[in-house]
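These notes are about the structure you will find just below.
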Amino acid sequence: MINVRKTLFTIPLLLGLLSRPALAQVILIDPGHGGEDCGAKTAYSKPKANSQFICEKDLALRIAKKIQQKLKKNYQVYLTRSLDRTLSLEERAELADKIKADIFVSVHLNSAHTKSGHGYETYYLDNHKDEAVKKIESIENRDAKGDEMIINQILADLVIQRTAPSSKRLATLIHSNITTRVKTKFNLTDRGIKPALFYVLALSKRPSVLLEAGFISNDKDIEKILSESFQNRYADGVARGIRQYFKKKKKLPIF
């Protein structure tokens, strides 16, 4: 009996492996959420138009695909999902091991209880004491519970020791290029680069970042994020940062 879910997961991976240069660096782009997990959501309406129900998972996938397109000529670039399907944090990380990814980039959109939160930010795996960041962690880490959280915390500490400098460098380069491409053009707030304990980054066990492209809960942000122009320029900023990272970076051993 054919396992449909496993087949859908494996076929794009095999096709990618057969069609990319053998010695190119390997990049795994992770569109956040998917399937039953909408992620952040909002009802958005343009003037004189019907309201749209928007899910983070859909916008994350659009941006992730654009990043892949901009990098695939020179790198082996894979997506954790190319369709709207449910994936656990562990499944996303397992794919990073399977393809021996050099870096892991997770794409998300932010949300707040009020419409005042706005802007883009970039996270890398490291310890911190920022209460505002802890609120975002509680959202992105909500799949982990009980003993699993303890194990993930221990793993995070080990991975931080090994990858934090490289992850911070990757985050810095990506964020700088995103800023160049979108801050002035779209009048967006730069919320900076921040350390955070996101389990999906820890489980990936390699240099990794988590991107928050803007606030889905903010009307001005979401109007910009929905545009093709923003998505293309944001993806271009991410791609430029990744290229700069690999220009001087030697491949690190992974677990």
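Heads up, our numbering is the position in the sequence shown plus 42, with the first residue counted as 1. We put the beta carbon where it would ideally sit given N, CA and C, even for glycine. Bear in mind that the values here come from a model prediction, so they are computed numbers and not experimental data.
Please classify residue i: does DSSP put it in a helix, a strand, or coil?
i: Gly-188; result: Residue confidence is low: Gly-188 scores 49 on pLDDT, short of 50, so the model does not pin down where it sits. Its coordinate-derived value is still stated next. Gly-188: coil per DSSP, three-state reduction.
i: Gln-94; result: strand
i: His-150; result: strand
i: Tyr-276; result: helix
i: Phe-228; result: helix
i: Arg-285; result: helix
i: Tyr-241; result: helix
i: Thr-221; result: helix
i: Glu-163; result: strand
i: Ser-124; result: coil
i: Arg-248; result: coil
i: Leu-129; result: coil
i: Lys-83; result: strand
i: Ala-66; result: coil
i: Glu-78; result: coil
i: Ala-255; result: strand
i: Lys-210; result: helix
i: Asp-263; result: helix
i: Ile-109; result: helix
i: Ile-141; result: coil
i: Asp-72; result: strand
i: Lys-236; result: strand
i: Ser-269; result: coil
Is it the case that the Cβ atoms of residue i and residue j are separated by a distance below 8 angstroms?
i: Leu-253; j: Val-119; result: no
i: Ser-250; j: Ile-145; result: yes
i: Leu-70; j: Ala-138; result: yes
Give me the Cα-Cα distance between residue i and residue j, rounded to the nearest whole angstrom.
i: Thr-222; j: Asp-72; result: 23 angstroms
i: His-75; j: Glu-265; result: 21 angstroms
i: Glu-132; j: Asp-263; result: 31 angstroms
i: Lys-227; j: Leu-245; result: 35 angstroms
i: Thr-164; j: Asn-92; result: 32 angstroms
i: Ile-235; j: Ser-218; result: 9 angstroms
i: Asn-116; j: Thr-84; result: 36 angstroms
i: Ala-143; j: Ile-220; result: 22 angstroms
i: Thr-205; j: Lys-247; result: 8 angstroms
i: Ala-135; j: Leu-230; result: 31 angstroms
i: Phe-297; j: Gln-94; result: Note on Phe-297: pLDDT 48, under 50, position unreliable in the model; the coordinate value appears next. Whole-angstrom Cα-Cα distance: 44 angstroms.
i: Gln-273; j: Tyr-86; result: 17 angstroms
i: Arg-285; j: Tyr-276; result: 14 angstroms
i: Ser-153; j: Gln-67; result: 33 angstroms
i: Gly-188; j: Lys-88; result: A caution first: Gly-188 carries a pLDDT of 49, below 50, which makes its placement in the model too unreliable to give a value.
i: Ile-267; j: Ile-96; result: 11 angstroms
i: Asp-232; j: Thr-214; result: 13 angstroms
i: Tyr-287; j: Thr-128; result: 30 angstroms
i: Lys-225; j: Ser-208; result: 25 angstroms
i: Lys-108; j: Ser-269; result: 13 angstroms
i: Asn-169; j: Ser-271; result: 35 angstroms
i: Lys-300; j: Ser-130; result: In the structure displayed, the chain extends from 43 to 297; residue 300 sits before or after that span and is not available.
i: Asp-199; j: Lys-210; result: 15 angstroms
Whole-angstrom Cβ separation of residue i and residue j, contact assumed at under 8 angstroms?
i: Ile-202; j: Leu-167; result: 6 angstroms
i: Glu-313; j: His-155; result: Given a span of 43 to 297 for the chain in the structure shown, any question on residue 313 remains unanswerable.
Determine, for residue i, whether the minimum Cβ-Cβ distance to residues of chain D falls below 8 angstroms.
i: Leu-167; result: In the structure shown, chain D cannot be found, because there is only a single protein chain.
Heavy atom of the ligand MG less than 7 angstroms from the Cβ of residue i, yes or no?
i: Leu-113; result: Looking for the ligand MG in the displayed structure turns up nothing, as the structure carries no ligands at all.
Stretch pair the region 105–120 + the region 276–291: three plus CB contacts closer than 8 angstroms: yes
Does the region 122–131 come close enough to the region 89–103 to have 3 or more Cβ pairs within less than 8 angstroms? Enough Cβ pairs lie closer than 8 angstroms, so yes.
Inspect the CB distances between the region 70–84 and the region 231–241 and report whether three or more fall short of 8 angstroms. no
When you compare the region 251–268 with the region 152–167, are there three or more beta-carbon pairs, one atom per stretch, that lie closer than 8 angstroms? Contact between the region 251–268 and the region 152–167 is present, because at least three Cβ pairs lie under 8 angstroms.
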